[in-house]
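Data block below; observations after.
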C-alpha cells in the first residue's frame, strides 16, 4: 500500500490518503475503516439527467465523502463495500443521501478519523511498509485434495481448492491414472492462474506422502510442454516441504519447517506461528504462565505480568468505542511495561486459531497459579 | 428368538467390557477410558431401546411388556457380563435401573452416583421422552378409536407426530419446523369423517409408487383375514406393501425395533394397523423426503430432508427379512459344517460368514509381502502370475518386494516399495469369506489406514522381528512441539482399538534374520503385550505367532524351517489364526447404512459404488438415498460381491453397487449417477431413515499422546469411517473420570494426555455421523493433527 499523504497524530483527529496495491492491502483497509469515519473516494452514481428529451439516467463519476455506516469485506475478490451518508455538496447527490462505494486495488482514497489510536497508527505503518509484505505461495496437495494458498504479511488466502474423487487402485488401475492426471492438471492450472512469481518469494509444495513429488514432476514437465514461462524461469523458487494433511491448517507445519522459515523469516506469518507455538508449549509445561481469554488476560495485565500479548485483530474490528479503547490500552500498557504485543491477523491460520481461543492470550513473566483456576468474568469484553 | 438375538447383540458389549477385567493392573488411563465408553454406550443404548419400546406401544400393554423386556435384557444379555467376571464397573453398567412406567429411568432403583453419571446420556434423553409421552398416549389411543373408521389418513398424520426425536435433548430446529407444520394443519385431526374422503386421492397416488411385487398376493390374503377393516385400511395395507407387513414368521432379529417385539396376539389387530401407519408414513416420506413433487401428494407424511426418524422405529422389510433370514441360516449351516478344506471356490463364498481383516503394522514390517505370499499359498494368485511379478520386481531391482507387488499395484507404490492406499482382496478360508484390507504402514498414510481399519472386524498386526526393526516401530514419540511422533506399531494399535477392532493376531515377521530365535519372539511378545493391554486389548483376544511372508513360513501349513519347527509346535499358522477370529454380529435390523469407499466406472460404463454395509441389507431393487448427494432416490440395479453378482448383501458384507435413478426422480430419471457427485465418505442410506450431515457434535474422547494440551479452538483433522474433514474443537465440556464416567471438572481449560473428556467438535463441512449407540462403525471419530493422533472417541450426541 502506498501512503500518499498523512496528517494525523495519536489521540487527535486526522486523515491519511492511501493507495491499495494488492489484495492484502484491502485487509488492512478493512481493519482501519470503522463506523463513523469519513471516507473520500471516487465512485459512480446513477443520476437522473434532464436533456430535454425526457428524463434519462446517466452514470456519473463523482468524488464523494461518506460518513461510514457499514463496511463489508470480500476477501476473495479483494473489494470493500462502504455504505454511508453523503457529506459532499454536489448538484447530483443530496447531502445526507445514502450511497455505497467500493474500494478497490489501484484506487486511492482518503480516510478521516475523529480519533486515531495507537492501533490504527500501527496498522498504517505496517500496511505501508514494503519490507513486511513478503509473499509465499503454497500448494497443499494430497490424493484427491489440493489447496492453493497465498500467504502474505497479514493474510492467508485460499485461492483455489481442487477436489477430485479418485477411484481406489484395482487391476490395471486405469481409472485411477486417468482421474489422477486430471486432478494434477486442475491443480496445475490453479497454480498458473493464481501464483504470480513477481510477487511471490517462493512456491512451496507440501503434503503427505508422494503426491507432492508427483505434482512437482508433473508441474516441471507441463511447464516445459506448455511453455509457461514464469514457471520455467522460477523453477528454483519451488520448494518441497512435508505436511501431514492438505488442509489449510497444515500451513502451520509448512511455516514452521526450518527450510521454509529461513526464506520467509521476516514475515508476520512466521512470527505469529512461532509465538503461538511458544504459547502452546508453555501451556503444556507451565500452564500457570499461559493465560487465555479476556478475563484472565486483563487480570494478568493489571498485575503487570504480561510478557507477550497475543491478540487477534478481529477483536479491534468492533464499533464499540469503549471496548476498542480497552483493548488499545491493553496493547499500549503491555508495550510500555516492556512487554511484547503481537497483533495477529485473523486472516492467518495462527490468527484463526487464536480467534478460537477467544482471540486473546498471554505469556506471563511469572506464574499466577492463584488466578489460573479462578473463573474470571470477561466484563462483556468477549468479542 | 428375539432373546437369542439380543444375547448375541450384547455379547459384543461384553467384549468391550471385558478388558476392564482385573487381569491388568496397569494404571494407564486409556484402558479405563475405553472401557468407560464402551459401557456407557451399551447402557444408554439399552435404556433407550426399552424406553422407546415402551413409548411406541399402546397404553394397556405397557406394563407386561416392560417386564418382559427387562427380563430379556437381564437374563440374556447381562448375565454373561457377570459370568465373564466383569469388573464392578461393568456390572454397574449392565445393571441399569429398570425403566419406570413412564419410560423414565427410575433413579431410585439404584442411587449410586457413578451409575447416574454413566447414564448421563439416558438421563438427558429420558425426561424428554417422558414429556413426549402423554402426547404419545393420546395419539395412540386416538389411533385405536379411529382405526376402524379411517385408518390411513389418521396414521398418516399422527405418525409424523409419533416420530420421536429422542436423540436431541432440546428441540432441534427441524423439530420446531415440523411442529409448526403439524400445527398448521398438515396433520389431519384424527376421527373426522372428511378425512375418509381425503384419503382416497392420496391413496390412489400412493399406489402409483408401488411396483407390482409378489408380496401383493400375500397382502391380499391378509386383507381377507381381517374382514373388520374398512376399505381404506385395506388400501393402507397395500400401501404398506412395499415396506412389508410385520407378520412374518421370523419377526425376530429386531433388537432395536420396538414394534416388532409386540406381537401380542390379543392386540394383534390394532397393532398391525399402527405399524401399517408407520410404514405408510414411511412410504410417504420415502418418496417425498427429497423430491418435492411427491411431497404434495403426501401432506401428512412429509419429512424434510433433515427430519430424522429414530433408527429404533425401523422394521426390516419383509421380503428382505426373509432373504436375510435364509442367508443367515445358510451361513450358520456353512459354519457348522466344517468339513471343507481351505478352498478358493467362490461358489461357496456366499454362505461363509464374511470377515473383514485389516493388516496393520509399522512401515516395512512386511505387511504386503506377507499378504501377497498368503494369496499365492491359498491359490488366489496363480504360480504364473507370481512368477511374473518376481521377474518384474527383479528386473526393477526390487526383488525383495516381489510378493508385495501382488497388492501394491500403483507405479509409485512399486517404485518406492511403500504401500500408499489400502489394497482390497478377497479369499476364502475354511470358516470365512475374508475381505483383506492391506493398510499402509507409513506415517504419512495413516489416514488411509484409518479408512481401512474402520471397516475391519479383526486385524493382523505385523511386528518386525528383525534386530532393531521391532524397536523402531515400537519407539515412543518424544514430547514437545518439535518432538517426533512415535512408531506406527504404537499408533496403529491404539487406532485399531479405537476404531472398534477387538481381536488381533500379532504376527512377528522377519524372524529369519535371527535364525528363528525363540528368545526374540518371547522378548517381543513380553514387551508388546502390556502395551496392547494398556490400549484396551484383552489378552484372550490376542493370538501370537511367527510367520514369514517372503519365505512362506507358517502361513498355511506347519513351519518348514527346522529352527522354527523346533519350537513352534502349537500348529498355529496364519490361516488357522484367521479362522480363530469370531465373526461380527450383523446389524441387519437397522436401517441401511453403507459408507462409500470407492467410486469408479465399471467396464460397462456404469458408475459403481463400493463400500461395506454397516447396517441393514440390500438387494437389487432396494431404494436408497445418498447422503450427501443428489436429492434423488436411487434403486439398486445390481450388486456384486467378490466380483460376482449377488442377490443379497447384509450388514458386514463388502459390496459394489450399481444404482439407477429411482422413478419419479426428476429430469434425470432412469439414468445412472454422476460419479463426480459422489465422494468417498458419502453414505448410502435407507430412504425413510436417511443419515444427516452434521457439523457440530459431541464426542467422548480419550486424549492420546498429545504434544501440547488440547484447547478450545484446536484445529484438527477429523477421521470418521471413510470420511475426512477439517474441523476444530469448539468446547471442552468436561473431563470425566475414566472409570466411572463422573464429571471431574466441567469446562476445563485444557486437556492433557490420558484424560477422558467430553468435547464438542465442529467440522468445516458436514459429514455423516451417527451416535455410537446406533451404529458403531459410524460413531467413531479420530482427531489428528500434524501427523499424530491426538484423541479418539465416540459420538455421544449429534448437535447440528
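Residue numbers (our numbering), protein chains in the order written: chain F, 41 to 423; chain V, 292 to 1091.
Every residue, glycine too, gets a C-beta built ideally from N, C-alpha and C.
message: Can you look up residue 544 (chain V) in the DSSP assignment and give me helix, strand or coil?
response: Note that residue 544 (chain V) has pLDDT 38, beneath the 50 cutoff, so the model's placement of it is unreliable and the number below is only indicative. The answer is coil: DSSP assigns residue 544 (chain V) none of H, G, I, E or B.
Which residues DSSP lists as bridging residue 100 (chain F), in chain order: F:85
query: Residues bridged to residue 175 (chain F) by DSSP?
result: Note: residue 175 (chain F) is bridge-paired with F:240 in the DSSP secondary-structure output.
field: Where residue 229 (chain F) sits in the DSSP three-state scheme
entry: helix
field: Within 9 Å of chain V by C-beta, residues of the region 222 to 245 of chain F in sequence order
entry: none
query: In chain V, what lies closer than 9 Å to residue 291 (chain F) by C-beta?
result: The contacting residues do not exist; residue 291 (chain F) stays about 10 Å from chain V at best.
- request: Could you tell me whether any Cβ in chain F is nearer than 8 Å to the Cβ of residue 1074 (chain V)?
  value: no
message: Report the CB separation of residue 752 (chain V) from residue 652 (chain V) in whole angstroms; it is logged as a contact under 8 Å.
response: 6 Å
field: Neighbourhood of residue 918 (chain V) by C-beta distance below 6 Å, restricted to the same chain and skipping five residues each side
entry: 974, 976, 981, 982 and 1059
task: Determine the extent of the beta strand (DSSP E) in which residue 55 (chain F) is found, giving its start and end residues.
output: 54 to 59
task: Would you list the one or two residues that DSSP bridges to residue 753 (chain V)?
output: V:652 and V:798
field: Range covered by the alpha helix (DSSP H) that runs through residue 684 (chain V)
entry: 674 to 686
field: Three-state secondary structure (DSSP) of residue 413 (chain F)
entry: coil
query: Does the region 221 to 236 of chain F come close enough to the region 179 to 191 of chain F that 3 or more CB-CB pairs lie under 8 Å?
result: yes
task: Enumerate, from N- to C-terminal direction, the unbroken beta strand (DSSP E) stretches of 3 or more residues contained entirely within the region 786 to 856 of chain V.
output: 794 to 800 and 833 to 837
query: Does the region 118 to 125 of chain F come close enough to the region 137 to 151 of chain F that 3 or more CB-CB pairs lie under 8 Å?
result: Yes, the region 137 to 151 of chain F is in contact with the region 118 to 125 of chain F.
task: For the region 1071 to 1079 of chain V and the region 1040 to 1048 of chain V, state whether three or more C-beta atom pairs, one from each stretch, are separated by less than 8 Å.
output: no
query: Are the region 325 to 332 of chain F and the region 369 to 378 of chain F touching, with three or more C-beta to C-beta distances below 8 Å?
result: Contact fails: fewer than three Cβ-Cβ distances are below 8 Å.
- prompt: Using a C-beta cutoff of 8 Å, does residue 908 (chain V) count as contacting chain F?
  reply: no
task: Please list the partners that residue 718 (chain V) has in chain F, where partner means a Cβ-to-Cβ separation under 9 Å.
output: Within 9 Å Cβ-Cβ: nothing; residue 718 (chain V) doesn't reach chain F, min ~16 Å.
query: So which residues of chain F does residue 258 (chain V) contact, with C-beta pairs closer than 8 Å?
result: Residue 258 (chain V) falls outside the range modelled here, since chain V spans only 292 to 1091, and no answer is possible.
- prompt: Quick one: is residue 682 (chain V) buried, meaning 16 or more other Cβ sit within 10 Å of its Cβ, or exposed?
  reply: Looking at its Cβ environment, which holds fewer than 16 other Cβ atoms inside 10 Å, residue 682 (chain V) is exposed.
field: Contact belief for residue 1068 (chain V) with residue 1012 (chain V) at Cβ below 8 Å, rounded distance in angstroms
entry: 6 Å
Proximity of residue 37 (chain F) and residue 120 (chain F) at Cβ, strictly below 8 Å: A query on residue 37 (chain F) cannot be resolved here, the shown segment of chain F reaching from 41 to 423 and no further.
task: Kindly indicate which three-state DSSP category residue 392 (chain V) falls into: helix, strand or coil?
output: Caution applies to residue 392 (chain V), whose pLDDT of 47 falls short of 50 and renders its modelled position unreliable; the value that the coordinates give is listed next. The answer is coil: DSSP assigns residue 392 (chain V) none of H, G, I, E or B.
message: Strictly below 8 Å CB to CB, what residues from chain V border residue 327 (chain F)?
response: When 8 Å is used as the limit between beta carbons, residue 327 (chain F) is near these residues of chain V: 1000, 1040 and 1041, in chain order.
query: Quick one: Cα of residue 719 (chain V) to Cα of residue 871 (chain V), how far?
result: 14 Å
query: Under a Cβ-count criterion, where at least 16 other Cβ atoms within 10 Å of its own Cβ denotes burial, should residue 83 (chain F) be classed as buried or exposed?
result: buried
task: Using the Cα positions of residue 689 (chain V) and residue 715 (chain V), report the straight-line distance between them to the nearest angstrom.
output: Straight-line Cα distance between these residues: approximately 22 Å.
field: 6 Å Cβ shell around residue 889 (chain V) - same chain, five flanking residues per side excluded
entry: 901
- prompt: What three-state label does DSSP hand residue 783 (chain V) in the structure shown?
  reply: helix
- request: Kindly indicate which three-state DSSP category residue 975 (chain V) falls into: helix, strand or coil?
  value: strand
message: Taking 8 Å as the threshold (C-beta atoms), are residue 951 (chain V) and residue 1081 (chain V) in contact?
response: no
task: Establish whether the CB of residue 323 (chain F) and some CB of chain V are separated by less than 8 Å.
output: yes
field: For residue 154 (chain F) and residue 50 (chain F), the rounded distance between their alpha carbons
entry: 11 Å
query: Would a check of beta-carbon distances place residue 1019 (chain V) closer than 8 Å to chain F?
result: By this cut-off, residue 1019 (chain V) is an interface position.
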